[in-house]
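These notes concern the structure reproduced below.
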Amino acid sequence: MFTGASGVPETAGSSGSRRVLVTGGAGFIGGHLCERLVGEGYRVICMDNLRTGSLDNVKHLRSEPNFEYVDHDVTTYIHVPGGLDEIYHLASPASPADFERIPIPILKVGAIGTYNALGLALAKDARFLLASTSEVYGDPKVHPQHEEYWGNVNPIGIRGVYDEAKRYAESITMAYHRHHRVDTRMVRIFNTYGPRMRSHDGRMIPNFIGQALAGEPLTVYGAGEQTRSIQYVDDLIEGMFRLMRSEETRPVNLGNPVEYTVAEVAELVLSLTGSERGVEYLPLPEDDPKRRCPDITRARESLGWEPQVGAEEGLRKTVSCFSER
Ligand code: NAD
Ligand code: UDP
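Residue numbering for the sequence shown follows the numbering used here, beginning at 2 and increasing consecutively.
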């Protein structure tokens, strides 16, 4: 059945008065998701401890009657009074720059935070969507990465704290699904960028745009030959929204399947910003994946989803947001 403003499967009933919790809602993706959900008529509870997020990401929503912000660390027991229909569980730092800075909070939020959020879903009989990651594939030996691939992760490397936390989060989500019959969804998000990313986030695109606008050379790690696919945030939000409303309980890759080398992304940012400072080569971080590109067949088939925004258009919008700030 296809109804609703976005023409997506309306399996969870009318959105009119549905009540949704977004953990990590004050983060980059969380802020865009809360905005979309409020726009669709949901009552949204945004829960965050602001470890890597900011109230700036949701400040435009705070006067909305259907929006509520709750300051809470999800690694401690989560109490939400009243009914809940859906939980989007996004709480987790995501930048590789944070993997060495805050490794234990990353492990705790992936493990204990996901355990608490699933317990809440069970208690409230709410549908649960886990924001997982392409990092579960590690430094992949299969290309492009499809959801049946089990990955190649170094559990004791510096990226292991994030990769293994997310792999554990997927395992416990499936355990709650199989054992407690919690109605779960799982998205494996590939590199996503867009307006409102932290300029000091440490990830490739905010680094490159921030450096270009500041008149500094762009820091390319290694020879810049490693590849990534880069997805504009609006495409991801559309996919997550569709997934929550679909009947697909297997993991689903969401990413833009056009593959770029890091050097090519740097060139694109230089040309869009008009910067003439070029690039500076720095050492490649440990275990940096060499190739990453999603196979999105499942998302196409199960969700009727396809990315709409190309790299040039998405980067242009992001550059313009960074320049205004
Ligand atoms: P982000 O850091 O902007 O957002 C994460 C949010 O979680 C922040 O607001 C942070 O304060 C909050 N948080 C962290 N620990 C918490 C805790 N213990 N309790 C409550 N809130 C907590 O990062 P993002 O890019 O918006 O990522 C959001 C989610 O998407 C994460 O789960 C991340 O792993 C996943 N993801 C993102 C990408 C990407 O490219 N942006 C790729 C793969 C997966
Ligand atoms: N990268 C880079 N310069 C930077 C930041 C990142 O060359 O200033 C590279 C990084 O080594 C990786 C790619 O860009 O190969 C994407 O890094 P990001 O931190 O965005 O996330 P990752 O995909 O590694 O999780």
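Glycine included, every Cβ here is placed at the ideal spot set by N, Cα and C.
Item to check | Per DSSP, the bridge partner or partners of Ala132 | outcome: In the sequence shown, the residue the question calls residue 132 occupies position 131. Paired residues: Val188.
Item to check | Bounding residues of the alpha helix (DSSP H) (the contiguous stretch that carries Leu51) | outcome: Counting from 1 along the sequence shown, the entry for residue 51 is found at position 50. It is not in any alpha helix (DSSP H) - Leu51 carries neither H nor E in the DSSP assignment.
Checklist entry - Under a three-way DSSP split, which group does Arg243 fall into? => result Indexing the sequence shown from 1 puts residue 243 at position 242. Correct three-state label for Arg243: helix.
Next on the checklist: Nearer than 8 Å: is that true of the beta carbon of His61 relative to any heavy atom of ligand 4?
Outcome noted: As far as ligands go, the structure on display features ligand 1 and ligand 2 and does not contain ligand 4.
Checklist entry - Can you tell me whether Leu316 is buried or exposed, with buried defined as 16 or more other CB within 10 angstroms of its CB? => result Along the sequence shown, read from residue 1 onward, the residue named residue 316 stands at position 315. Leu316 is buried by the Cβ-count criterion.
Checklist entry - The beta strand (DSSP E) spanning Leu91 covers which residue range? => result Along the sequence shown, read from residue 1 onward, the residue named residue 91 stands at position 90. Here Leu91 belongs to no beta strand (DSSP E), and DSSP marks it neither H nor E.
Checklist entry - When the Cα atoms are used, what is the spatial distance from Asp164 to Gly152? => result Position 163 of the sequence shown, counting from 1, holds the residue named residue 164. Position 151 of the sequence shown, counting from 1, holds the residue named residue 152. Taking the straight line from one Cα to the other gives about 10 Å.
Next on the checklist: Would Leu219 and Gly311 be called neighbours here (beta carbons separated by less than 9 Å)?
Outcome noted: Against the sequence shown, residue 219 aligns to sequence position 218. Against the sequence shown, residue 311 aligns to sequence position 310. Result no, Cβ atoms of Leu219 and Gly311 do not sit closer than 9 Å.
Checklist entry - In terms of alpha-carbon separation, which member of Ile238, Asp86, Tyr89 and Thr193 lies closest to Arg37? => result Position 36 of the sequence shown, counting from 1, holds the residue named residue 37. The residue with the shortest Cα to Cα distance from Arg37 is Ile238.
Item to check | Span of the beta strand (DSSP E), counted from its first residue to its last, around Asp327 | outcome: The structure shown does not extend to residue 327, since the chain is modelled only from 2 to 326, so the question has no answer here.
Next on the checklist: For Arg63 and Ser18, what's the separation of their Cα atoms in angstroms?
Outcome noted: Here residue 63 is taken as the residue at index 62 of the sequence shown, counted from 1. Here residue 18 is taken as the residue at index 17 of the sequence shown, counted from 1. C-alpha separation (whole angstroms): 18 Å.
Next on the checklist: Quick check on the DSSP output: what are the complete alpha helix (DSSP H) runs of length 4 or more inside the region 276-326, in order along the chain?
Outcome noted: 298-304 and 312-325
Next on the checklist: What does the Cβ neighbour count give for Gly8, buried or exposed, with the cut at 16 atoms within 10 Å?
Outcome noted: On the sequence shown, position 7 is the one that residue 8 refers to. Confidence in Gly8 is poor, its pLDDT being 32 and thus under 50, which makes the residue's placement unreliable; the coordinate value appears in the next sentence. Looking at its Cβ environment, which holds fewer than 16 other Cβ atoms inside 10 Å, Gly8 is exposed.
Next on the checklist: I need the straight-line Cα distance from Tyr178 to His90, nearest angstrom please.
Outcome noted: Taking the first residue of the sequence shown as 1, we reach residue 178 at position 177. Taking the first residue of the sequence shown as 1, we reach residue 90 at position 89. The sequence shown places His at residue 178, rather than the Tyr named in the question. Straight-line Cα distance between these residues: approximately 15 Å.
Checklist entry - How should Ala267 be labelled, buried or exposed, when 16 other C-beta atoms within 10 angstroms of its C-beta is the threshold for buried? => result Counted from its first residue, the sequence shown places residue 267 at position 266. Ala267 comes out buried.
Checklist entry - What are the partner residues of Cys47, as DSSP defines its beta bridges? => result By one-based count along the sequence shown, residue 47 stands at place 46. Answer by DSSP bridge pairing, in chain order: Val23 and Tyr70.
Next on the checklist: Can you confirm whether the region 190-206 touches the region 247-257 when touching is taken to mean that 3 or more C-beta pairs between the two stretches lie within less than 8 Å?
Outcome noted: yes
Checklist entry - To which residues does DSSP link Gln232 through a beta bridge? => result If you number the sequence shown from 1, residue 232 lands on position 231. DSSP output for Gln232 lists Thr193 as bridge partner(s).
Next on the checklist: Quick check: what's the CA-CA separation for Trp306 versus Gly240?
Outcome noted: For this step, residue 306 is matched to residue 305 along the sequence shown. For this step, residue 240 is matched to residue 239 along the sequence shown. Looking at the two C-alpha atoms, the distance is approximately 6 Å.
Checklist entry - What whole-angstrom Cβ distance do Val188 and Lys167 have, given they're in contact under 8 Å? => result Residue 188 sits at position 187 when you count from the first residue of the sequence shown. Residue 167 sits at position 166 when you count from the first residue of the sequence shown. Actually they are not in contact, since the Cβ atoms of Val188 and Lys167 sit about 11 Å apart, beyond 8 Å.
Checklist entry - How would you write the range of the beta strand (DSSP E) that Tyr261 sits in, first residue to last? => result Within the sequence shown, numbered from 1, the residue matching residue 261 stands at position 260. Going by DSSP, Tyr261 is part of the beta strand (DSSP E) stretching over Glu260 to Thr262.
Checklist entry - Could you give the distance in angstroms between the alpha-carbon of Leu131 and the alpha-carbon of Lys125? => result Numbered from its first residue, the sequence shown carries residue 131 at position 130. Numbered from its first residue, the sequence shown carries residue 125 at position 124. In this structure, the straight-line span from the alpha carbon of Leu131 to that of Lys125 is close to 16 Å.
Next on the checklist: Give me the DSSP bridge partner(s) of Gly161.
Outcome noted: As a working mapping, residue 161 is identified with position 160 in the sequence shown. DSSP lists no partner for Gly161.
Checklist entry - So Asn50 packs on Phe29, CB below 8 Å; how close in whole Å? => result Here residue 50 refers to the residue found at position 49 when the sequence shown is read from its first residue. Here residue 29 refers to the residue found at position 28 when the sequence shown is read from its first residue. That belief does not hold up - the Cβ atoms of Asn50 and Phe29 are roughly 15 Å apart, past 8 Å.
Next on the checklist: Among Ile88, Gly54, Glu287 and Val75, whose alpha-carbon lies nearest the alpha-carbon of Arg20?
Outcome noted: Within the sequence shown, residue 20 is the residue found at index 19, counting from 1. When only C-alpha atoms are compared, the closest one is Ile88.
Next on the checklist: What does the alpha-carbon distance come out to for the pair Leu34 and Cys47?
Outcome noted: Within the sequence shown, numbered from 1, the residue matching residue 34 stands at position 33. Within the sequence shown, numbered from 1, the residue matching residue 47 stands at position 46. Distance between the alpha carbons of Leu34 and Cys47: 10 Å.
Item to check | Under 9 Å between C-beta atoms of Tyr282 and Val221 | outcome: Position 281 of the sequence shown, counted from the start, is the residue given in the question as residue 282. Position 220 of the sequence shown, counted from the start, is the residue given in the question as residue 221. Taking 9 Å as the Cβ cut-off, Tyr282 and Val221 qualify as a contacting pair.
Item to check | Span of the beta strand (DSSP E), counted from its first residue to its last, around Pro252 | outcome: For the purposes of this step, residue 252 is taken as the residue at position 251 of the sequence shown. That run of the beta strand (DSSP E) goes Pro252 to Leu255.
Checklist entry - Are Asp86 and Ala118 closer than 9 Å when you measure CB to CB? => result For the purposes of this step, residue 86 is taken as residue 85 along the sequence shown, with counting starting at 1. For the purposes of this step, residue 118 is taken as residue 117 along the sequence shown, with counting starting at 1. Cβ atoms of Asp86 and Ala118: not closer than 9 Å.
Checklist entry - Rounded to a whole number of angstroms, what is the C-alpha to C-alpha distance between Ser16 and Arg246? => result Mapped onto the sequence shown, residue 16 falls at position 15. Mapped onto the sequence shown, residue 246 falls at position 245. Note that Ser16 scores a pLDDT of 46, beneath 50, so its modelled location is shaky; the value from the coordinates is reported in the next line. Distance between the alpha carbons of Ser16 and Arg246 is about 10 Å.
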